[in-house]
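Visitor: Residue numbers (the UniProt record's numbering): 1 to 78. For every residue, glycine included, the Cβ atom is placed at its ideal position computed from N, Cα and C.
1) Which residue comes first and which comes last in the beta strand (DSSP E) that contains residue 61?
2) Expressed to the nearest angstrom, what Euclidean distance is found between the alpha-carbon atoms of residue 32 and residue 63?
3) Going by beta carbon distance, what residues of the same chain come within less than 6 Å of residue 36, once the five residues before and after it are set aside?
4) Grouping DSSP H, G and I as helix and E and B as strand, with all else coil, what is residue 35?
5) Could you please give me the residues that DSSP links to residue 40 through a beta bridge?
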């Protein structure tokens with residue numbers, strides 16, 4: 001379900017270099033900065049980063065079902 005929400009919000013899946021934790025990375029480029037979301041396999045939590053693709057800063061780590069946090073992912077004004 002989260003994958004569908006991310007795609008509907010303009011994110012697309014990318015290949016990411018080898019990771020310690022298995023999961024899927026999604027990206028949505030923005031005018032000022034990108035938003036990157038890492039969805040670990042077998043975990044209810046996500047990690048959300050903003051900024052440059054590789055040097056992004058972590059802005060959220062926690063349950064994906066937190067509705068208030070999903071608004072961060074769908075904000076298209078970045």
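Guide: On the basis of the data shown:
1) 57-63
2) 26 Å
3) 27, 49 and 56
4) strand
5) 23
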